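A quick write-up on the structure given underneath.
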Amino acid sequence: LSSAGGGPSYRLAEIATHVGGSVEGSPDVSIRGVAGIEEAVEGQLTFVANPKYRGGLATTKASAVLLAPGVDCPERIAVVRTADPYAAMMRTLLLFDPGLPEIPAGVHPTAVVAPDARLGDDVGIGPHVVVEAAAVIGRGSRIGAGGYVGQGARLGEACHLYPRVYVGRQCVLGSRVVIHAGTVIGSDGFGYAPIEGHFHKIPQIGIVEIADDVEIGANACIDRATFGKTSIGRGTKIDNLVQIAHNVAIAENCALAAQAGVAGSVRIGTGVRLGGQAGLAGHLQVGDFANVAAQGGVIGNVPSGATVSGYPARPHREAMRAEAALRKLPELLRRVRALERERDRNEESNP
Amino acid sequence: LSSAGGGPSYRLAEIATHVGGSVEGSPDVSIRGVAGIEEAVEGQLTFVANPKYRGGLATTKASAVLLAPGVDCPERIAVVRTADPYAAMMRTLLLFDPGLPEIPAGVHPTAVVAPDARLGDDVGIGPHVVVEAAAVIGRGSRIGAGGYVGQGARLGEACHLYPRVYVGRQCVLGSRVVIHAGTVIGSDGFGYAPIEGHFHKIPQIGIVEIADDVEIGANACIDRATFGKTSIGRGTKIDNLVQIAHNVAIAENCALAAQAGVAGSVRIGTGVRLGGQAGLAGHLQVGDFANVAAQGGVIGNVPSGATVSGYPARPHREAMRAEAALRKLPELLRRVRALERERDRNEESNP
Amino acid sequence: LSSAGGGPSYRLAEIATHVGGSVEGSPDVSIRGVAGIEEAVEGQLTFVANPKYRGGLATTKASAVLLAPGVDCPERIAVVRTADPYAAMMRTLLLFDPGLPEIPAGVHPTAVVAPDARLGDDVGIGPHVVVEAAAVIGRGSRIGAGGYVGQGARLGEACHLYPRVYVGRQCVLGSRVVIHAGTVIGSDGFGYAPIEGHFHKIPQIGIVEIADDVEIGANACIDRATFGKTSIGRGTKIDNLVQIAHNVAIAENCALAAQAGVAGSVRIGTGVRLGGQAGLAGHLQVGDFANVAAQGGVIGNVPSGATVSGYPARPHREAMRAEAALRKLPELLRRVRALERERDRNEESNP
Chain X
3 LSSAGGGPSY RLAEIATHVG GSVEGSPDVS IRGVAGIEEA VEGQLTFVAN PKYRGGLATT
63 KASAVLLAPG VDCPERIAVV RTADPYAAMM RTLLLFDPGL PEIPAGVHPT AVVAPDARLG
123 DDVGIGPHVV VEAAAVIGRG SRIGAGGYVG QGARLGEACH LYPRVYVGRQ CVLGSRVVIH
183 AGTVIGSDGF GYAPIEGHFH KIPQIGIVEI ADDVEIGANA CIDRATFGKT SIGRGTKIDN
243 LVQIAHNVAI AENCALAAQA GVAGSVRIGT GVRLGGQAGL AGHLQVGDFA NVAAQGGVIG
303 NVPSGATVSG YPARPHREAM RAEAALRKLP ELLRRVRALE RERDRNEESN P
Chain W
3 LSSAGGGPSY RLAEIATHVG GSVEGSPDVS IRGVAGIEEA VEGQLTFVAN PKYRGGLATT
63 KASAVLLAPG VDCPERIAVV RTADPYAAMM RTLLLFDPGL PEIPAGVHPT AVVAPDARLG
123 DDVGIGPHVV VEAAAVIGRG SRIGAGGYVG QGARLGEACH LYPRVYVGRQ CVLGSRVVIH
183 AGTVIGSDGF GYAPIEGHFH KIPQIGIVEI ADDVEIGANA CIDRATFGKT SIGRGTKIDN
243 LVQIAHNVAI AENCALAAQA GVAGSVRIGT GVRLGGQAGL AGHLQVGDFA NVAAQGGVIG
303 NVPSGATVSG YPARPHREAM RAEAALRKLP ELLRRVRALE RERDRNEESN P
Chain B
3 LSSAGGGPSY RLAEIATHVG GSVEGSPDVS IRGVAGIEEA VEGQLTFVAN PKYRGGLATT
63 KASAVLLAPG VDCPERIAVV RTADPYAAMM RTLLLFDPGL PEIPAGVHPT AVVAPDARLG
123 DDVGIGPHVV VEAAAVIGRG SRIGAGGYVG QGARLGEACH LYPRVYVGRQ CVLGSRVVIH
183 AGTVIGSDGF GYAPIEGHFH KIPQIGIVEI ADDVEIGANA CIDRATFGKT SIGRGTKIDN
243 LVQIAHNVAI AENCALAAQA GVAGSVRIGT GVRLGGQAGL AGHLQVGDFA NVAAQGGVIG
303 NVPSGATVSG YPARPHREAM RAEAALRKLP ELLRRVRALE RERDRNEESN P
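So the sequence lines, in the order shown, correspond to chains X, W and B. All residue numbers for the first sequence refer to this note's numbering, where the first residue is 3 and numbers rise by one. All residue numbers for the second sequence refer to this note's numbering, where the first residue is 3 and numbers rise by one. All residue numbers for the third sequence refer to this note's numbering, where the first residue is 3 and numbers rise by one.
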């Protein structure tokens, strides 16, 4: 299987020009796609960035390879020399990028759009979409099949909602927001007042506000605020199956890896990264550019720039030291027993 | 952004009456919404429950505030005095609660409802909903856009399914059950018999039974039983992205926070709370009113009333003691080395 | 509630023949379903495999029971004797298995199928399904209500997609693949190049390739590769809410329990098992038949056949030893203090 399918093809010389490299071998090789060195087939371009993959050149089926200066290559494979083959590969990917899946402009006849919803120019509404009363969808935005835009919700320009995305009532998205399939924006926060052993629901009447250039993965959940708003800052990226609870505020340019969870009212600074399955307890503050390692369980504030891991999360170095010490613990037990035996012998001989 | 939008507004005196407080300042201030002290804008009411937020009174843009007796406030802000500002805020939220999103009574023309499905009075079936053969939907229940009610499934009265909820065949919901978007009730349990290295599926022919007044968050999953039933007790609340495996039995008035996971055949007592990302291994029993801390990994039974944390989960105090000791471990290593050096010196001098 | 509903019923003698056992009591008892010993009602069959459940025979309401030789039973209950009651129960379940929910052959009038999509014989397309251009759906496959099959995606024969499954463009499924409700196949990988504090998206132009006989639970996510493919091997079973990142390769006959997460480019061998909520960091290799315990956090390669647990995950025995030592740590601290006091006394007396 190739990533190219019936897609575009390029002469190798075109690709070399695109990435600022130089061709060794035929500049006319036709490249129809890109792939890893082991998976590549004839007609595809591959790359070697990490020296440990150089061995793959002997057996790869690729027709051409992006290579750093000084790396040898069998003659049967054409080469594009470039100082940074990884960066060149990323630039080449753009040539083959099919872009977002097409949702044509206009309203599909199976969609159900409220008469007072306001759709901008060049908006595309896919099959079986529902747009409720007073919703606003900005110019160029596209809503994939089976999507739902609640009452009074507002989307900015050039948003792309993959199929089956839910945006609850009154929620607000900026421009160029991309949301993958199955994600839920604006579910109720998990708020109950326990009275005599029963949970009484606290109405969740706030909203979710998502800034420009945010991308959110598949089957994630962002709860609306109890009051006020849950907010996601500009340029922040959120992976699949992430949970963001009510009244959380996440600043700009953060990255939250898959299955991370953020409890209620947490405040996360700029440029913060959460590893996969990391969890943050409620009402914490995480400073700018802090990192939480994968599976880290944070139960206190995290200072700016800190890297924390483990449960309860603490500075990563300290966690690793404690971990190393833990491995020495069985031996330490033996050493203390030896000291005790010696003491006991000494006491016997010097009573 | 306010939580009020084009919603209702109240005179401050009305709110004071509603919460049983007294006005200081103009009783005629018009309140159009509520917000946190930092986010509030003109026309909104805020509150100070925790003394550490009192400083916000100097800068808040709110027009009025719920305050405990004896707390000073700038003159520009009207005050409602009340013994418990937090409880008063919760009561005020009810005034602005828009209620569940409206799904009109009747069957939307794009819905597909089997001829032998039985719909009670005042039932609302949204756009693109599917109701399969022999399903029963009780009086006043509403099914949001794109929902699915499987063959023979039964919903009680006044249930509210947000858009894109899936209820598999034969599953049973009580009355006043609320389920948020994307949740799946009645997926197959994860049951396979490994025979000679291949997994053979064990048919999952049981059901899910959900009692009255349960609320379930978004994109959660509750598997049907292998046989018999997976059951969720009355009044239990389940957050987003929670996983409940086959044959689990959860009693009344429990709270399961987001991303918690409960493996097969676990039995959970009354009033139990699971923190976010907590996990329970299969076939365990958790006693009444027990608590599992966030990220706790439970691999044995939990007694009634216990609070456990960590992995493997143990009593929270013991876990915290072990954790504190772990931090002293590098120092302990040094102390034992010092004792050993001293012994070695003593042995040299007293051979 | 019984698992049988209006389903089939069998004479006990028929069941005994089916499981290769012999009847004690009336062979004509009519069995209309199966259930656990505590839940069973009249007309149902139960079983006792584990001796600790034998006590249930005194009170069960079941009409018949599968029992091993030598186990006594009250006369009111008919018995099927069999060497392995558990296996017999699993075989009996097959008798009552209603099979996959029916999706009739043909294209539902509310479905939207591109004119150039290719549907094999006996394909069933449910209500509100979307099949995009150039998609191929093999003979006998069924797509449940609200499903989405992207442009150029290809499904093999006899696949069953429960309602609301999303298969992104160009993704490839083998034959007899079963996917439960809400699952997303082919969301974009979480790939961004951070440049001057902003994340720039790396186009995700690869695919997901799923081999024959794979089953995937509800609300799971499998990301498409950056280039090349994310692959799931033949016969592998994946539970609810699991996350598989871009370029992961999972071999045959693996089992991934609920909420497990696998980061980018991980390679997992044959027959591997991941416990619930287990997490694997990026670019690791997990050898054949390795096991990761529930909640295990793997940050290095796992050798073939190993069982690892904890965070960071290490061999399970070593983890349990460290855990046991950790419990002795507070006591060890006391013992070292005692040694130090003794040394100090000795130094005072022998200065």
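Glycine included, every Cβ here is placed at the ideal spot set by N, Cα and C. Values in this document were obtained by computation on a predicted structure and should not be read as measured data.
#1: Is the shortest distance between the beta-carbon of Arg354 of chain W and the beta-carbons of chain B less than 8 Å?
#2: Restricting to Cα atoms, I'd like to know which of X:Val216, X:His162, X:Ser143 is closest to Glu254 of chain X.
#3: Examine chain B for any beta-carbon lying closer than 8 Å to the beta-carbon of Lys54 of chain X, and answer yes or no.
#4: I want to see whether chain W comes within less than 8 Å of Arg166 of chain B, judged by CB atoms only; does it?
#5: From Glu350 of chain X to Leu331 of chain B, what does the alpha carbon distance come to, in whole angstroms?
#6: Taking C-beta pairs closer than 8 Å, name the residues in chain W that His200 of chain X reaches, listed in chain order.
#7: Within the 8 Å Cβ cut-off, does Asn293 of chain X reach chain B?
#8: Output the distance between the C-alpha atoms of Asp190 of chain X and Gly108 of chain X, rounded to the nearest integer angstrom.
#9: Nearest-angstrom Cα distance between Ala251 of chain W and Ala326 of chain X?
#10: Out of W:Pro205, W:Phe201, W:Leu276, state which residue places its alpha-carbon closest to the alpha-carbon of Cys256 of chain B.
#11: With DSSP run on the structure shown, which of helix, strand or coil describes Glu217 of chain B?
#12: In the DSSP output, what is Asp2 of chain X paired with across the bridge?
#13: Quick one: does Arg336 of chain X have its CB under 8 Å from some CB of chain W?
#14: In the DSSP assignment, find the unbroken alpha helix (DSSP H) run with Glu325 of chain X in it and report its ends.
#15: According to DSSP, is Asn249 of chain X helix, strand or coil?
#16: Suppose you measure from the CA of Val268 of chain B to the CA of Ala136 of chain W; what does that come to, to the nearest Å?
#17: May I ask which residues mark the beginning and end of the alpha helix (DSSP H) holding Leu95 of chain X?
#18: Give every residue of the same chain whose Cβ lies closer than 6 Å to the Cβ of Pro29 of chain W, excluding the five residues on either side of it in the sequence, and list them in chain order.
#19: Is the Cβ-Cβ distance between Arg178 of chain B and Ala155 of chain B less than 8 Å?
#20: Using a C-beta cutoff of 8 Å, does Ala6 of chain B count as contacting chain X?
#21: Can you check which of these residues, B:Ile204, B:Tyr150, B:Leu163, is closest to Met91 of chain X by C-alpha distance?
#22: In the region 279-292 of chain B, which residues sit with their C-beta less than 8 Å from some C-beta in chain X, listed in chain order?
#23: In the structure shown, what three-state DSSP assignment does Lys63 of chain W receive?
#24: Who pairs with Arg83 of chain X in a beta bridge, going by DSSP?
#25: Quick one: grab the DSSP three-state call for Asn242 of chain X.
#26: Tell me whether Arg275 of chain X sits in a helix, a strand or coil according to DSSP, three-state version.
#27: List the residues of chain X that Ala205 of chain B touches, going by C-beta distances under 9 Å, in chain order.
#28: Can you tell me the Cα-Cα spacing of Ile209 of chain W and Gly57 of chain X, whole angstroms?
#29: Interface residues of chain B around Gly22 of chain W at Cβ under 7 Å?
#30: Per DSSP, which residues does Asn293 of chain W bridge with? Please list them.
#31: Whose C-alpha, out of W:Asn52, W:Lys63, W:Arg93, is nearest the C-alpha of Val73 of chain W?
#32: Do the region 165-181 of chain W and the region 109-120 of chain W make contact, defined as three or more Cβ pairs closer than 8 Å?
#33: So Val169 of chain W and Gly188 of chain W are supposed to be a Cβ contact under 8 Å. How far apart are they, rounded?
#34: Measure the alpha-carbon distance for Ile242 of chain X versus Cys223 of chain B and round it to whole angstroms.
#35: Which partner residues does Gln374 of chain W have in the DSSP bridge list?
#36: Pick helix, strand or coil for Glu211 of chain W, following the three-state DSSP scheme.
Once the coordinates are examined:
#1: Because chain W here runs from 3 to 353, residue 354 of chain W falls outside it and cannot be looked at.
#2: X:Val216
#3: no
#4: yes
#5: 28 Å
#6: Gly237, Asn255
#7: Answer no: the Cβ-Cβ gap between Asn293 of chain X and chain B never drops below 8 Å.
#8: Going by the C-alpha atoms only, they are around 31 Å apart.
#9: 40 Å
#10: With distances taken between CA atoms, Cys256 of chain B lies nearest to W:Phe201 out of W:Pro205, W:Phe201, W:Leu276.
#11: Note: Glu217 of chain B maps to strand in three-state DSSP.
#12: Given that chain X is displayed from residue 3 to residue 353, the structure contains no residue 2 of chain X and the question cannot be resolved.
#13: no
#14: 318-329
#15: coil
#16: 46 Å
#17: 87-98
#18: Leu14, Ala15
#19: No, the Cβ-Cβ distance between Arg178 of chain B and Ala155 of chain B is not below 8 Å.
#20: Annotation note: pLDDT 37 at Ala6 of chain B (below 50); position unreliable, coordinate value reported separately. Not an interface residue.
#21: B:Ile204
#22: Residues of the region 279-292 of chain B with a Cβ closer than 8 Å to any Cβ of chain X, in chain order: Gln279, Gly281, Ala283.
#23: Correct three-state label for Lys63 of chain W: coil.
#24: X:Ser24, X:Leu69
#25: Taken through DSSP and simplified to helix, strand or coil, Asn242 of chain X comes out as coil.
#26: strand
#27: Correcting the residue type first, residue 205 of chain B is Pro in the shown sequence and not Ala. Correct list: Met92, Leu95, Leu96, Phe98, Asp99, Pro100, Gly101.
#28: Between Ile209 of chain W and Gly57 of chain X, the C-alpha separation is close to 54 Å.
#29: Those do not exist, as Gly22 of chain W stays about 44 Å from chain B at its closest Cβ, beyond 7 Å.
#30: W:Arg275, W:Thr309
#31: W:Asn52
#32: no
#33: 6 Å
#34: The displayed chain sequence assigns Asn, not Ile, to residue 242 of chain X. Answer to the nearest angstrom: the Cα atoms are 7 Å apart.
#35: Nothing about residue 374 of chain W can be reported from this structure: the residues present for chain W run from 3 to 353 only.
#36: In the structure shown, Glu211 of chain W sits in a strand (DSSP, three-state: E or B).
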